[in-house]
Amino acid sequence: MNAVDHQLIEEIRDSARDFLQRRDQRQCKRACAPPDRGYWQEIAAVGWLGMSVPEAMGGLGLGWHAMAAVMEEAGRALLPEPLVGAGVLGATLLARLPAAASGLRESLLQDICDGTRMIGLAWQETEGQLEAGEAAAAFGVSMSPRDGAYILNGEKRHVIPGAGADGWLITADGEQGTALFYLPADTPGVTLHAQQRADGTAACHLALESAVVPAQALLAQEGVLDAVDESLDYGRLMQSAELIGVARQVLADTVAYLNTRQQFGKPLASFQALQHRLVDAAMQVELASNSLHDALATLQAAPDDIPGRKAAASRVKARAARAGIDAARLAVQLHGAIGYTEECDVSLYFRSALHLGAWLGNTTAHRQRYGALAPDPAPQGEDADAEETDAAEFPREADWNGMPETEFRALLRRFFRARYPAHLRHVPWRLHWDEIKTWYYTLSRQGWIAPSWPREYGGMALSPARQIAFIEEAERYGVARAPDQGLVMLGPILIRHGTEEQRARFLPGILSGEAVWAQGYSEPNAGSDLASLRCEAVIDGDGLIVTGQKTWSTLAQDATHMFMLVRTDKSVKKQAGISFLLVDLSSPGVSRRPIRTLSGHEEFCEVFFDQVRVPRANLVGELNAGWGIAKALLGFERLFSGSPKHASHALQQIFSIARQRGLLADPAFNDRLAELRLDSADLTAMYRVFADMAKQGRLLPPELSLLKIWATETHERLGALLIQIAEEYGGAALRQGYGDGGVHALAPYVNALAATIFSGTNEIQRNIYAKQVLGLEGA
1 MNAVDHQLIE EIRDSARDFL QRRDQRQCKR ACAPPDRGYW QEIAAVGWLG MSVPEAMGGL
61 GLGWHAMAAV MEEAGRALLP EPLVGAGVLG ATLLARLPAA ASGLRESLLQ DICDGTRMIG
121 LAWQETEGQL EAGEAAAAFG VSMSPRDGAY ILNGEKRHVI PGAGADGWLI TADGEQGTAL
181 FYLPADTPGV TLHAQQRADG TAACHLALES AVVPAQALLA QEGVLDAVDE SLDYGRLMQS
241 AELIGVARQV LADTVAYLNT RQQFGKPLAS FQALQHRLVD AAMQVELASN SLHDALATLQ
301 AAPDDIPGRK AAASRVKARA ARAGIDAARL AVQLHGAIGY TEECDVSLYF RSALHLGAWL
361 GNTTAHRQRY GALAPDPAPQ GEDADAEETD AAEFPREADW NGMPETEFRA LLRRFFRARY
421 PAHLRHVPWR LHWDEIKTWY YTLSRQGWIA PSWPREYGGM ALSPARQIAF IEEAERYGVA
481 RAPDQGLVML GPILIRHGTE EQRARFLPGI LSGEAVWAQG YSEPNAGSDL ASLRCEAVID
541 GDGLIVTGQK TWSTLAQDAT HMFMLVRTDK SVKKQAGISF LLVDLSSPGV SRRPIRTLSG
601 HEEFCEVFFD QVRVPRANLV GELNAGWGIA KALLGFERLF SGSPKHASHA LQQIFSIARQ
661 RGLLADPAFN DRLAELRLDS ADLTAMYRVF ADMAKQGRLL PPELSLLKIW ATETHERLGA
721 LLIQIAEEYG GAALRQGYGD GGVHALAPYV NALAATIFSG TNEIQRNIYA KQVLGLEGA
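Quick note: the sequence shown uses full-length UniProt numbering, first residue 1, plus one each step.
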């Protein structure tokens, strides 16, 4: 299955949910029963054990996205059977190996797929071991040939399944390197030391004392370590899906409990502190989920990228383990005393998360592994794939959507290198019109100023996929935002809701730069609660008289016009009495006062309207229909408010200073940096998942709002580290460069502070998510 069939994946998920609901999994967990072989046969019969095994090898060949859907549902249901330990690990390893002359590999793989044998993987020889090739402890398993057989001695640790398994695939070291054998559980000389996991899973330590296996039990002698490591990484990815399922279900149970549990005369769900804690837990789960699907898509596209696979598996496991344990821990807390007992199911989820979070490597171990494997960002100002600048003219028009994406992106990169002012790359503050207008005019002359507009209105008519590519390449090169409210906000509104006369009158000026537009939404007492705005427009013949104030209008001191929301009816519900109006800021009665931010930059303005007369022809849409028009700006544009560009750039700046100061040799610094790199990587993964939805024309889900929270708060955390390592420069003026001047140490932190407030504060975003997505009553 090359492309992900989302409909098929959801059908598989629904089928898995139905299958699991036929049995009380939670009761099985509570009883800590050994694997039920009859139920294992049923699991095999529905195809789960061979789901990711190629069809040519007797499996279903449905791929890892399908298996992840099954594992998530298994986590939600607390499936007691060791699906990863006895299904994913062994099947993946055997499918990776070359065919054995004895046919043993094929028969074992078939037995796993049809459920007739439960086979574990015995590879680990010391605590904290993440890869099969790491230095073994003194008790590692060794082999020696003797009379057509092999003698195995040593010990394997933390093997799942333990009791109840038919046998194990076991690694052993000899003079020729590491070999892989099949070891039946009843082999003389094998002693099983049972070890119960937190959730009741049957694990064991295996002790081998002169255990004899026949020569035909040898499965492979070449490439064993790489094959085992690959199976472990895919096992971790599926284990992460199971953790995600655990977290989703325990949060859903907690929401239901808070909606019904009364304290102080009202439901617990109405307490904002609890709402925000649940939203933050849900955000970790969504980060883990999006990172998992991003990793699976990346590995599907580049299956031979071994360092990439290892880094991806560790990134996902680190996030999923945190998400699962934190969600279950929070559930125990919010359930109160009952949550601390076995009489409440949340304790079962907590125990499951503890087991899954620790087995095959915990959060700290995988964070450190990711930090060691992930490539460092390129030094500041360098381009890893710099091409020769094309001296030829760039086309004004082409079949942009029919052009291969790699060719389209390469064209954009050449254009930016050739035409964008080098001194304005990665400027960490908003530029005024006189600083950026030359670039605006360049794009206008090129015909590339309005990527999303239809061709008939002067745009490039880019598809969603090409729009994303355009924006991503501009961000990657460090192209500053020109005053673009007219381009990305007003233009699309006029094209959709305006009259033909309005489009003819206003769109050409936006394209040429003759008209520079500002947004007039917020007011002193109507920021996040925008519907409370009071700036009033009273109908007067063929015009409207506007009186009031707008604030936080970005660079409105440079604007020639403003599109704004005004109150035109006070007698109805507040959202219903708002209209959308276009105002010429040169009109009599308009005054402006720039607002200097704490960074010392005049980025915003207050705009005052004193009996300003506006033609009624400037009313967009129907009278009192402005709220619906304003909401139309959300959706596709919201995707880019969560762009990882700011976090990525701050990370590059951190590496720039760290290299200069030799901090990359400091283990404590590297651990903190690895954690933030994970945060940034997971932000990128979350963005990519939603971007892929937009490219495919799929409806963006409400979880998109979490992008804004995570993007801004990750940027803020990175900015705080940058200030710390910049020492005295961490308290310098915003535009003061560190060292050679290439890094502005204070800018990311200050800019992130602003971003957590604008477009609805992060606290308001949490309130909205708690109500609209989690379904917390009283939120």
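Quick reminder that beta carbons are idealized off the backbone N, C-alpha and C, glycines included.
Please read these numbers as outputs of a predicted model, since none were measured by experiment.
| Asked | Found |
| --- | --- |
| Below 6 Å CB to CB, which residues in the same chain sit around Asp229 once its five sequence neighbours on both sides are set aside? | Glu131, Ala132 |
| Where do the ends of the beta strand (DSSP E) carrying Phe580 lie? | 578-584 |
| Buried or exposed, going by whether 16 or more other CB atoms sit within 10 Å of the CB of Gly498? | buried |
| Is the region 72-82 touching the region 231-248 in the sense that three or more CB pairs, one from each, lie closer than 8 Å? | yes |
| Can you give the Cα-Cα distance for Ser144 and Leu292, rounded to whole angstroms? | 41 Å |
| I'd like the list of long-range same chain contacts for Cys32, defined as Cβ closer than 6 Å, with 5 residues on each side in sequence excluded. | Unreliable positioning characterises Cys32 in this predicted model, as indicated by a pLDDT of 47, which lies under 50. A coordinate reading is not provided. |
| Less than 8 Å between the C-beta atoms of Gln653 and Pro748, yes or no? | yes |
| Pop quiz: Met564 and Leu585 are said to be a contact at Cβ under 8 Å. What is the actual Cβ separation, rounded to whole angstroms? | Met564 to Leu585, Cβ: 10 Å. No contact. |
| Suppose only complete runs of 4+ residues qualify. What are the alpha helix (DSSP H) ranges in the region 723-769, listed by chain order? | 747-755 |
| Give the secondary structure of Ala241 by DSSP, where H, G and I count as helix, E and B as strand, and everything else as coil. | helix |
| Start and end of the beta strand (DSSP E) containing Cys204? | 202-214 |
| Considering only the beta carbon of each residue, do Leu237 and Pro307 sit closer than 8 Å? | no |
| Is Asn618 helix, strand or coil when you go by DSSP? | helix |
| Would you give the residue range spanned by the alpha helix (DSSP H) that Ile9 belongs to? | 6-21 |
| Can you find the residues in the same chain that come closer than 6 Å, C-beta to C-beta, to Gln249, ignoring five residues on each side of it along the sequence? | Arg76 |
| Have a look at Gln368, Ala745, Pro395 and flag the residue whose alpha-carbon is nearest the alpha-carbon of Leu673. | Gln368 |
| Select from Glu342, Pro375, Ala685 the residue whose C-alpha is nearest the C-alpha of Leu706. | Ala685 |
| Are the beta-carbon atoms belonging to Cys113 and Gly63 less than 8 Å from one another? | no |
| In the DSSP assignment, what are the bridge partners of Leu565? | Phe580 |
| Tell me the residue span of the beta strand (DSSP E) that contains His158. | 149-159 |
| Roughly how many angstroms lie between the CA atoms of Trp627 and Ser522, to the nearest whole one? | 13 Å |
| Can you tell me the Cα-Cα spacing of Asn362 and Arg157, whole angstroms? | 16 Å |
| Using a threshold of 8 Å, state whether the C-beta atoms of Leu121 and Leu169 are closer than that. | yes |
| By Cβ distance below 7 Å, which residues in the same chain neighbour Leu93 in space, the five residues on each side in sequence not counted? | Leu121, Leu169, Ala227, Val228, Ser231 |
| Report the residue ranges of all beta strand (DSSP E) runs contained in full by the region 85-140; include only those spanning at least 3 residues, in chain order. | 119-122 |
| Ignoring anything shorter than 3 residues or poking outside the region 211-299, list the beta strand (DSSP E) runs there in chain order. | 218-220 |
| Using the DSSP secondary-structure output, state which residues sit across from Gly543 in a beta bridge. | Asp540, Pro615 |
| If you compare alpha carbons, which of Ile160, Leu183, Thr178 is closest to Ala194? | Ile160 |
| Report the rounded CA-to-CA distance for Ile325 versus Gln300, giving the unit in angstroms. | 28 Å |
| Among Ala68, Pro82, Met57, which has the Cα closest to the Cα of Leu105? | Per the sequence shown, residue 105 should be read as Arg rather than Leu. Of Ala68, Pro82, Met57, the residue nearest in Cα terms is Met57. |
| Straight-line CA distance for Gly697 to Gln765? | 25 Å |
| So Gln549 and Pro524 are supposed to be a Cβ contact under 8 Å. How far apart are they, rounded? | 7 Å |
| Please report the Cβ distance between Gly177 and Gln221, rounded to the nearest whole angstrom; I am assuming they are in contact, meaning their Cβ atoms lie under 8 Å. | 7 Å |
| Would you report the Cα separation of Ala384 and Asp173, rounded to the nearest angstrom? | For Ala384, the predicted model reports a pLDDT of 46, less than 50, meaning its position is unreliable; a value from the coordinates is still stated below. The straight-line gap from Cα to Cα measures roughly 41 Å. |
| Using the C-alpha atoms, what's the distance from Val750 back to Gly719? | 8 Å |
| What distance in whole Å lies between the Cβ atoms of Ala691 and Leu639, which are believed to be in contact at a cut-off of 8 Å? | 6 Å |
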